[in-house]
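Counting the sequence shown from 1 gives a position; the numbering used here is that position plus 18.
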Amino acid sequence: VNGTLEGYPTKFTIDTGSNLTVLSAEAFRKIEQKYCKLIPIKSPSLTVRCANGQSLRTHGLFQLNISFFNKTFLHPVYILPHLQHVCIIGLDFLRKHDIHVGGTHDQILFPKESQDTNSFASQSPSLDQCNTSSLTSSNSSSYSLAAIEAHSLLPYHSMIIPVNPTKPFSKFSPDETYSVSSLHENPRVANGLISPSKSLFIEISNFSHDSIEVHPQQKLAVMELLTEHQLNSLSRLSHTPHPIEEEQIYLPDLSYSDLNDIQKAKLVTLIQQYPQVFTEKLGRTHLTKHVIELQPGTQPANIQPYRLPPSKKAIVDQQLEEMLQAGHITPSHSPWASPIVLSPKKDGTLRFCVDYRKLNANTIRTAYPMPRVDDTLDSLREAKFISTLDLRSGYWQVEIDPESRNKTAFITHRGLYEFLVMPFGLSNAPATFQRLMDLILAGIKWQSCLVYIDDIVVFSPTFEQH
Numbered sequence: 019v020n021g022t023l024e025g026y027p028t029k030f031t032i033d034t035g036s037n038l039t040v041l042s043a044e045a046f047r048k049i050e051q052k053y054c055k056l057i058p059i060k061s062p063s064l065t066v067r068c069a070n071g072q073s074l075r076t077h078g079l080f081q082l083n084i085s086f087f088n089k090t091f092l093h094p095v096y097i098l099p100h101l102q103h104v105c106i107i108g109l110d111f112l113r114k115h116d117i118h119v120g121g122t123h124d125q126i127l128f129p130k131e132s133q134d135t136n137s138f139a140s141q142s143p144s145l146d147q148c149n150t151s152s153l154t155s156s157n158s159s160s161y162s163l164a165a166i167e168a169h170s171l172l173p174y175h176s177m178i179i180p181v182n183p184t185k186p187f188s189k190f191s192p193d194e195t196y197s198v199s200s201l202h203e204n205p206r207v208a209n210g211l212i213s214p215s216k217s218l219f220i221e222i223s224n225f226s227h228d229s230i231e232v233h234p235q236q237k238l239a240v241m242e243l244l245t246e247h248q249l250n251s252l253s254r255l256s257h258t259p260h261p262i263e264e265e266q267i268y269l270p271d272l273s274y275s276d277l278n279d280i281q282k283a284k285l286v287t288l289i290q291q292y293p294q295v296f297t298e299k300l301g302r303t304h305l306t307k308h309v310i311e312l313q314p315g316t317q318p319a320n321i322q323p324y325r326l327p328p329s330k331k332a333i334v335d336q337q338l339e340e341m342l343q344a345g346h347i348t349p350s351h352s353p354w355a356s357p358i359v360l361s362p363k364k365d366g367t368l369r370f371c372v373d374y375r376k377l378n379a380n381t382i383r384t385a386y387p388m389p390r391v392d393d394t395l396d397s398l399r400e401a402k403f404i405s406t407l408d409l410r411s412g413y414w415q416v417e418i419d420p421e422s423r424n425k426t427a428f429i430t431h432r433g434l435y436e437f438l439v440m441p442f443g444l445s446n447a448p449a450t451f452q453r454l455m456d457l458i459l460a461g462i463k464w465q466s467c468l469v470y471i472d473d474i475v476v477f478s479p480t481f482e483q484h
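Rendered as structure tokens:
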């Protein structure tokens with residue numbers, strides 16, 4: 019969002035994932051040099067943990083005038099060095115001034131200016147390009163949805179709660195359809211379509227490590243009336259976002275399945291609608307990175323490579339080329355060097371592995387619980403339909419933290435390489451992957467699915483629910 023900070027033209031980044039409003043030290047110096055000398059608020063320095071995991075110390079706290087969309091707010095702002103953005107507006111600012119971010123077009127929802135209207139502003143255009151009246155005009159087809167009762171939402175859980183719109187139910191037409199979008203990153207409201215009648219329910223999810231308290235009358239989502247053109251467009255949407263050639267579509271062998279012919283046909287149709295799920299190309303998640311934390315005083319281990327016969331060296335050459343082409347490894351200059359081994363698979367082929375025993379012996383172990391077998395069996399008690407999913411090369415879809423990559427270095431007859439993705443054999447790799455999957459499946463784990471590392475079990479009492 020474009021605006022001014024103490025008169026200084028500034029591009030603000032509104033980040034609902036940030037607890038504090040912060041200004042880069044470089045921008046702060048420019049403001050003081052060009053506009054005025056600012057007096058700090060007496061406040062202890064804070065250590066701020068950034069999204070990339072880096073910890074930074076604040077360089078003071080100042081009351082600053084923040085202006086955008088023809089509105090000015092006085093707010094305390096922390097000065098932070100090495101900040102990539104000029105100014106980040108955080109949750110403290112949004113909550114203090116009762117501003118909400120959300121809607122189908124990433125809108126900014128200002129406090130109600132009258133009994134019946136809500137004020138919206140689009141984030142995309144700059145102030146110079148905007149017609150100010152359009153930013154503050156009432157939007158009679160958009161309404162906030164607020165919680166009716168208080169709720170406590172546990173970490174990584176979901177619940178369905180009743181909500182009330184800012185317009186009485188009696189004023190809605192039964193033929194109207196509204197889209198629902200979340201006002202917050204956390205708790206997050208599931209997107210959907212609704213037709214208001216005598217009651218409304220939304221699903222909220224908590225994707226954080228801490229419990230969230232939802233208060234009565236707390237605004238959680240925005241509902242926006244869909245036009246006839248939008249509804250017609252929705253009905254014409256294809257279920258196949260990435261068309262794939264017929265011969266590339268994966269189809270499972272259902273000859274040993276207990277499904278009847280109708281159910282098998284429905285399952286095949288479903289799989290054909292989402293062929294991109296079964297692509298050969300691996301994805302990369304940005305939800306987490308694997309970090310290798312060593313015990314204090316650990317010195318790099320440099321181990322000579324194990325001897326391999328010429329026939330196996332050819333296999334190593336082939337697998338190295340495949341990993342280089344896929345972007346899984348890169349040449350290394352690390353002081354660490356772990357040897358490689360080729361272990362046989364069930365089908366008789368050889369798997370490329372690294373002997374990380376020396377590295378693992380000096381790694382600080384992560385305490386993260388793995389699912390208990392008895393809890394798993396209890397969850398499946400009522401299930402009549404069960405499917406198992408195995409993530410393709412799941413570890414290689416998780417990146418290694420840049421500071422930890424050199425520790426994964428391995429030595430071959432062709433030289434030294436290090437992993438850019440999480441390799442097999444690291445002591446904390448199962449915990450990292452289990453934590454990732456628990457985060458991805460938060461809210462539905464134990465209710466409709468189970469996960470053990472990269473193996474997922476989907477279960478339900480009926481085929482339709484499945």
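Yeah, the Cβ is synthetic: ideal placement off N, Cα and C, and Gly gets one too.
Predicted, not measured: the structure shown is a model, and the values here were computed from it.
Residue i: which of the options sits nearest, CA to CA?
i           : options               : result
residue 217 : 224, 209 and 185      : 185
residue 440 : 458, 433, 416 and 345 : 416
residue 42  : 330, 79, 93 and 99    : 99
residue 27  : 37, 36 and 46         : 46
residue 536 : 360, 353, 304 and 316 : For residue 536 there is no data in the structure shown, the boundaries of the chain being 19 and 484.
residue 240 : 214, 373 and 371      : 214
residue 115 : 423, 91 and 460       : 91
residue 378 : 425, 391 and 330      : 425
residue 306 : 279, 454 and 128      : 454
residue 5   : 189, 172 and 106      : What the structure shows of the chain is the stretch from 19 to 484, and residue 5 is not part of that stretch, so it cannot be assessed.
residue 385 : 311, 362 and 179      : 311
residue 367 : 394, 351, 337 and 381 : 337
residue 373 : 220, 93, 319 and 463  : 319
residue 81  : 88, 383, 111 and 102  : 111
residue 76  : 179, 94, 446 and 88   : 94
residue 168 : 228, 161, 301 and 180 : 180
residue 303 : 204, 451, 464 and 209 : 451
residue 468 : 418, 389 and 277      : 389
residue 418 : 371, 411, 433 and 347 : 347
residue 444 : 432, 434 and 382      : 382
Expressed to the nearest angstrom, what Euclidean distance is found between the alpha-carbon atoms of residue i and residue j?
i           : j           : result
residue 396 : residue 68  : 40 Å
residue 483 : residue 398 : 15 Å
residue 448 : residue 471 : 6 Å
residue 135 : residue 183 : Because residue 135 carries a pLDDT of 34, less than 50, the predicted location of this residue cannot be relied on, and the following value inherits that uncertainty. Distance between the alpha carbons of residue 135 and residue 183 is about 12 Å.
residue 223 : residue 458 : 12 Å
residue 197 : residue 244 : 7 Å
residue 473 : residue 86  : 48 Å
residue 261 : residue 108 : Confidence at residue 261 is low in this model, with a pLDDT of 47, below 50, so the placement of that residue is unreliable and no value is reported for it.
residue 480 : residue 456 : 24 Å
residue 199 : residue 231 : 20 Å
residue 238 : residue 226 : 16 Å
residue 285 : residue 438 : 36 Å
residue 343 : residue 350 : 16 Å
residue 21  : residue 194 : 37 Å
residue 139 : residue 409 : Its pLDDT being 46, under 50, residue 139 is placed unreliably in this model, and the value from its coordinates should be taken loosely. Roughly 42 Å between the two C-alpha positions.
residue 339 : residue 376 : 26 Å
residue 192 : residue 161 : 16 Å
residue 475 : residue 406 : 5 Å
residue 332 : residue 315 : 38 Å
residue 204 : residue 393 : 28 Å
Taking DSSP's pairing of strands, which residues face residue i in a bridge?
i           : result
residue 227 : Answer is none; residue 227 lacks a bridge partner.
residue 358 : 372
residue 210 : 198
residue 27  : 22
residue 179 : 220
residue 164 : 182 and 237
residue 73  : 67
residue 32  : 107
residue 463 : 467
residue 437 : 347
Between which two residues does the beta strand (DSSP E) harbouring residue i extend?
i           : result
residue 473 : 473-478
residue 469 : 467-470
residue 241 : 237-243
residue 184 : Run containing residue 184: none; DSSP gives neither H nor E here.
residue 65  : 65-67
residue 486 : This structure cannot speak to residue 486, because the chain is shown only from 19 to 484.
Between which two residues does the alpha helix (DSSP H) carrying residue i extend?
i           : result
residue 48  : 43-52
residue 451 : 447-458
Any C-beta of chain D sitting closer than 8 Å to the C-beta of residue i?
i           : result
residue 307 : Although the question refers to chain D, the structure presented lacks it and comprises just one protein chain.
Enumerated in chain order, which unbroken segments of the beta strand (DSSP E) with a length of 3 residues or greater are wholly contained in the region 269-354?
-> 303-308 and 347-349
Minimum length 3: unbroken beta strand (DSSP E) runs contained in the region 381-435 | Within the region 381-435, the complete beta strand (DSSP E) runs of at least 3 residues are 403-408, 416-418 and 428-430.
Start-end ranges of the beta strand (DSSP E) lying completely within the region 81-123, minimum 3 residues = 89-98, 105-107 and 118-120, all fully within the region 81-123.
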